[in-house]
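Shown next, in structure tokens, is the structure this report addresses.
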Amino acid sequence: MFPKNTWYVAATPNEIADRPLGRQICGHKLVIYRPRPGELAALEDFCPHRGAPLSLGKVCDGALVCGYHGLAMGCDGKTVSMPGQRVGAFPAIRRYPAVERHGFIWVWPGEAALADPALIPHLAWAENPDWAYGGDLYHVRCDYRLMIDNLMDLTHETYVHSTSIGQKEIDETPVTTRIEGQEVVCRRYMDGVMAPPFWRANLRAHGLPDDQPVDRWQVCRFSPPSQVMIEVGVALAGHGGYEAAPQHKVSSVVVDFITPETESTMWYFWGMARNFRVQDAELTTQIRQGQGQVFAEDTAILEQQQKSVEAWPGRKLLMLNIDAGGVQARRMIDKMIAAECAVVAATGAPAIGPAAPKTESPHAAAVASAA
Amino acid sequence: MFPKNTWYVAATPNEIADRPLGRQICGHKLVIYRPRPGELAALEDFCPHRGAPLSLGKVCDGALVCGYHGLAMGCDGKTVSMPGQRVGAFPAIRRYPAVERHGFIWVWPGEAALADPALIPHLAWAENPDWAYGGDLYHVRCDYRLMIDNLMDLTHETYVHSTSIGQKEIDETPVTTRIEGQEVVCRRYMDGVMAPPFWRANLRAHGLPDDQPVDRWQVCRFSPPSQVMIEVGVALAGHGGYEAAPQHKVSSVVVDFITPETESTMWYFWGMARNFRVQDAELTTQIRQGQGQVFAEDTAILEQQQKSVEAWPGRKLLMLNIDAGGVQARRMIDKMIAAECAVVAATGAPAIGPAAPKTESPHAAAVASAA
Amino acid sequence: MFPKNTWYVAATPNEIADRPLGRQICGHKLVIYRPRPGELAALEDFCPHRGAPLSLGKVCDGALVCGYHGLAMGCDGKTVSMPGQRVGAFPAIRRYPAVERHGFIWVWPGEAALADPALIPHLAWAENPDWAYGGDLYHVRCDYRLMIDNLMDLTHETYVHSTSIGQKEIDETPVTTRIEGQEVVCRRYMDGVMAPPFWRANLRAHGLPDDQPVDRWQVCRFSPPSQVMIEVGVALAGHGGYEAAPQHKVSSVVVDFITPETESTMWYFWGMARNFRVQDAELTTQIRQGQGQVFAEDTAILEQQQKSVEAWPGRKLLMLNIDAGGVQARRMIDKMIAAECAVVAATGAPAIGPAAPKTESPHAAAVASAA
């Protein structure tokens with residue numbers, strides 16, 4: 009169950025640099041490609057001639073040429089030409105709205121008429137020279153909502169990431185969960201703690217001492233359908249914590265775009281945005297490697313959790329205070345799905361419903377202002 | 009859906025040289041083996057004792073001895089003996105008609121009483137000292153009819169085999185499709201074109217220039233249930249093309265026996281028959297390697313096409329003029345299946361129906377006369 | 009179909025030495041672990057918080073701490089604590105009776121109230137300084153009853169293990185099958201035969217000649233639900249065979265605990281108990297390696313048999329005199345299952361039934377006395 013009338017991150021530009029990309033999003037098999045440099049298109053990955061996946065083809069003169077018999081498909085889903093054929097009556101294939109923005113390829117798997125690019129979330133750190141971003145993509149065999157739960161309850165860090173970012177104080181410090189506009193926000197502030205290995209290394213890299221108490225914070229911001237941005241950082245204790253001046257702290261934004269592939273698999277676009285040493289490509293690589301290891305730990309346990317949940321279908325899970333972020337996020341998701349269904353039921357038409365709520369992304373602004 | 013009252017190529021002799029072979033044909037699990045040198049048998053791959061596959065056993069004194077507890081099975085499907093047992097009342101297992109001919113093992117998966125060896129297609133190039141044959145076997149995860157489509161529409165060569173046998177003129181030259189007796193024949197003649205890499209190499213090997221225009225031809229001959237023979241060649245332009253005298257041309261027959269394993273998988277016995285340098289074993293090896301690469305390209309796209317067709321069940325595919333060969337072939341196949349079903353419906357008996365049509369193989373004769 | 013109100017070997021101690029073990033037994037997913045050194049517990053492998061498998065966690069102060077968010081589970085299935093939570097109302101998870109005995113971890117997958125440790129079979133060779141044991145565990149993709157059949161009809165040795173323990177006389181010598189109390193016993197005595205390679209090596213290792221006729225015996229003892237102990241040995245011919253004095257013979261007990269994982273997969277705990285050179289660890293290793301190869305041969309054919317039986321569902325298999333051991337064993341198993349179902353049907357309560365029959369294990373005593 010996933011909302012469809014909404015934008016999902018479907019790919020990163022490097023994935024379509026050389027060739028079309030076949031990718032399943034919300035159960036829809038898509039081919040995503042560049043008709044011409046700088047252009048973008050997403051279509052059903054199905055050649056109307058004999059059903060071969062168009063993603064096996066090549067782009068030629070703006071058309072996607074099927075790799076089987078050479079049907080040339082236009083980016084509107086209509087066949088442009090085929091050697092020796094009149095193609096006017098060929099059935100069209102479905103076109104999916106696709107937009108390149110903030111360094112990602114966004115796709116709208118639902119009703120195309122509703123796909124307003126203005127609904128793509130604003131990411132304050134993206135395309136901002138004061139910020140650098142690095143990240144990668146993991147394929148994870150779990151329901152996308154398990155990943156949201158994971159990111160909205162960071163007490164797991166103590167157990168899953170004990171050697172890098174986990175520390176006992178995460179468990180011991182209460183979290184507050186609030187709905188703020190279109191966001192669910194979970195905040196945890198740990199004052200006067202010793203930083204775990206990941207943050208000690210970051211402190212050193214900033215020329216800050218790593219053996220003194222720090223104030224650590226985690227602010228998780230969920231925006232529907234499945235985006236989680238987490239402001240994380242440490243400041244030398246007593247300088248204001250989250251609000252401390254830049255010279256006393258190290259902070260960044262953990263970026264998570266969680267895109268359903270099927271009911272039980274997902275694409276995990278993860279990364280980190282930072283506003284320090286933004287020209288330092290080696291640091292970007294180093295952070296990406298570290299994050300890659302951390303998120304591989306999540307992936308491992310989430311895939312086991314998925315199998316377990318499937319083995320005990322219908323069994324109730326607990327919803328504790330620490331789970332409130334995930335619970336609220338699922339509530340927002342369920343509302344989106346219900347709204348889509350209601351419109352379909354009322355009109356008999358598929359998926360013509362109210363647009364997804366505009367995401368205002370106050371978090372990114374907050375981060376930027378804190379930097 | 010496949011006809012069963014017909015002969016299929018099930019194996020090559022080398023596959024049963026040392027041990028029994030377990031192989032599924034049209035959904036039937038068979039063990040194929042040599043009871044004695046030069047003899048051949050095919051049975052259900054099921055030991056009546058405890059159900060172990062007989063193909064794990066060994067041949068001993070003409071019997072197939074089960075590798076589990078030593079039941080000795082006769083080639084008529086009746087147990088010959090078992091240590092310490094009276095076997096007279098043991099249930100028989102099904103025997104399948106099997107014939108070795110033209111360098112292949114042919115099996116009849118349907119009603120044994122109808123299995124007339126005279127119905128095995130005549131292959132003019134087989135067992136003819138003026139011809140040499142080389143080939144191999146691929147297992148392909150697709151409906152066998154997708155492979156027939158593939159071979160009856162060679163416009164795919166331009167896209168799938170662009171570095172070997174593909175060339176733009178294949179697309180641009182109309183194909184003619186005719187039903188000739190029990191065959192579907194697709195013909196394409198490309199006059200005055202430059203030969204693609206595969207044929208340039210063949211021209212050189214014949215001492216012919218590779219930098220001059222040639223007349224190229226492709227004559228695809230489908231015989232039910234699933235055999236496709238393709239006469240292919242090039243002649244120096246202006247010498248008569250397909251009809252040119254041997255010294256001006258290079259030609260051969262692409263041999264394709266397409267045997268269903270299940271509804272969505274198949275055995276692909278492919279090869280090439282040629283009537284030049286027939287003693288040259290190294291050339292046979294070289295051609296087999298080249299063909300192997302080409303057919304691996306087909307296999308890759310067909311397996312993707314199969315997945316795609318399964319993901320969009322019921323979705324109509326186009327049937328263009330270039331698809332006429334496959335369409336006509338499927339029509340013949342459907343008729344065979346309908347005839348088998350009709351007889352079953354009328355008599356209440358399984359699969360007693362009219363014999364499959366005799367395949368007269370005029371193409372092989374044509375090739376031979378052209379040589 | 010398997011009895012559940014009975015003890016199964018679920019693991020060996022080394023498997024839980026360092027960390028909790030996740031293992032499926034009779035369709036139940038369990039975590040088996042040591043709460044404290046020397047203690048043992050088995051629980052549902054499901055954290056009541058978010059469903060993660062508890063087997064991914066760690067033991068800490070006697071509790072099993074979930075590796076996801078730190079819920080601490082007690083060995084009674086009740087949550088002990090969780091950081092920042094009141095856990096009193098947390099739902100309990102199922103506890104499974106588990107006992108460590110005779111060098112194995114035994115689990116009772118059925119009604120806990122019926123789990124009397126006194127029902128665990130007595131193994132005379134276990135924890136007896138005059139005996140040594142070595143063995144290992146294989147996962148086999150077959151119905152556990154196929155493995156019982158395999159072990160109760162050793163005529164397969166001639167075919168499956170022809171290079172080690174097989175010999176033609178096994179086939180040729182009749183077997184007797186008797187029900188003795190709670191056991192099914194198959195006996196075969198082969199007098200005056202030449203020993204096969206495995207036994208020749210053993211004779212040499214005992215300083216006995218390997219080129220003289222021997223009396224060989226095989227006594228297979230099945231105890232429900234799925235334990236098979238096989239007394240095997242050879243004595244120099246004419247010294248009394250099975251009853252011969254120790255200096256004239258070599259003998260041991262093949263140990264087989266066969267534990268269903270699912271309807272079509274199983275855990276095979278195999279080994280050998282011997283009462284000679286019991287201090288010789290290298291010999292133990294050597295025997296384990298030899299047995300490992302032999303049982304890998306069984307595994308290979310059983311997995312093929314399973315596939316074959318699944319491909320021909322409902323097809324009857326033969327039940328010959330050599331199969332009587334397996335047939336009688338299945339009859340005992342079926343009675344246990346029927347008894348469990350009858351009680352459930354009569355009371356409407358799940359799996360509260362008569363306890364599994366006590367296994368008196370006369371065979372082990374017999375082996376000991378023969379040694």
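Chains as they are written, first to last, in the numbering used here: chain F, 9 to 379; chain C, 9 to 379; chain L, 9 to 379. Glycine included, C-beta positions come from ideal geometry on N, C-alpha and C.
If you check each beta-carbon in the segment 177-194 of chain C against every beta-carbon of chain F, the ones closer than 7 Å belong to ASP179, GLU180 and PRO182. Closest by C-alpha distance to GLY111 of chain F, out of F:ALA350, F:ALA281 and F:ALA308, is F:ALA281. LEU291 of chain F and HIS214 of chain F have their C-alpha atoms spaced approximately 12 Å apart. Residues of chain C with a Cβ closer than 7 Å to the Cβ of LYS37 of chain F are, in chain order, ALA319. DSSP lists C:TRP275 as the beta-bridge partner residues of HIS147 of chain C. By the C-beta criterion, the segment 304-314 of chain F is judged to be in contact with the segment 143-155 of chain F, since at least 3 inter-stretch pairs fall below 8 Å. Taking 8 Å as the upper bound for CB-CB distance, GLY118 of chain L and ASN13 of chain L are in contact here, some 4 Å apart. Around the beta-carbon of ILE238 of chain C, 16 or more other beta-carbon atoms lie within 10 Å, marking it buried. Taking a beta-carbon distance threshold of 9 Å, VAL261 of chain L does not count as an interface residue toward chain F. Where GLU119 of chain F is concerned, there is no enclosing alpha helix (DSSP H), because DSSP gives it neither an H nor an E. Runs of beta strand (DSSP E) with 3 or more residues, each lying fully within the segment 53-105 of chain C, are found at 66-68, 71-73 and 87-89, listed in chain order.
Taking a C-beta distance under 9 Å as the contact criterion, VAL286 of chain L and ILE266 of chain L do not qualify as a contact pair.
In this structure, the straight-line span from the alpha carbon of ARG31 of chain F to that of PRO21 of chain F is close to 13 Å.
As DSSP reads the structure, LYS257 of chain F sits in a beta bridge with F:ALA243. In summary, ILE187 of chain F is exposed, with fewer than 16 beta-carbon neighbours lying within 10 Å of its beta-carbon over all protein chains present. For the pair ALA245 of chain C and PHE284 of chain C, the Cα-to-Cα distance works out to about 20 Å. Counting the other CB atoms within 10 Å of its CB gives LYS257 of chain C a total of 16 or more, which places it among the buried residues. For the segment 79-101 of chain F, residues whose beta-carbon sits nearer than 7 Å to a beta-carbon of chain C comprise PRO91, GLY92, GLN93 and PHE98. Taking 9 Å as the cut-off, the Cβ atoms of THR163 of chain F and GLY92 of chain L count as close.
Pairwise C-beta distances place the segment 53-64 of chain F in contact with the segment 96-104 of chain F, as three or more of them are shorter than 8 Å. By the rule that beta-carbons nearer than 9 Å mark a contact, LEU159 of chain F does not touch chain L. Taking a C-beta distance under 9 Å as the contact criterion, LEU145 of chain L and TRP15 of chain L do not qualify as a contact pair.
The secondary-structure analysis by DSSP pairs GLN226 of chain C across a beta bridge with C:ARG196 and C:VAL240.
Interface flag for ASP53 of chain C against chain L is set, since a Cβ pair is found closer than 9 Å. Distance from the CA of TYR197 of chain L to the CA of PRO137 of chain L, rounded to the nearest whole angstrom, comes to 29 Å. Taking LEU211 of chain F as reference, the option from F:PRO254, F:PRO182 and F:ILE178 with the minimal CA-CA separation is F:PRO254. Contacts with chain C at 9 Å (Cβ-Cβ) do not include ALA50 of chain F. About 5 Å separates the Cβ atoms of ILE156 of chain L and ALA337 of chain L, confirming a contact at the 8 Å cut-off. Identification of chain L residues near ALA18 of chain C by a Cβ-Cβ cut-off of 7 Å yields none; the smallest Cβ-Cβ distance measures about 18 Å. Within the segment 261-295 of chain F, no residue places its CB atom closer than 9 Å to a CB of chain L.
Here GLN297 of chain F is exposed: its Cβ has fewer than 16 other Cβ atoms, across all protein chains shown, within 10 Å.
When C-beta atoms of the segment 215-226 of chain C are compared with those of the segment 190-204 of chain C, three or more pairs fall below 8 Å, so the two segments count as touching. At a beta-carbon threshold of 7 Å, the residues of chain C lying near ALA60 of chain F are ILE309, GLN312, GLN313 and SER316, ordered along the chain. The beta carbon of GLY82 of chain F lies closer than 7 Å to those of ALA71 and VAL88 in the same chain, with the five residues before and after it left out. Near chain L, meaning a CB-to-CB distance below 8 Å, no residue of the segment 218-242 of chain C qualifies.
Under the three-state reduction of DSSP, ILE173 of chain F is assigned to coil, being neither helix nor strand.
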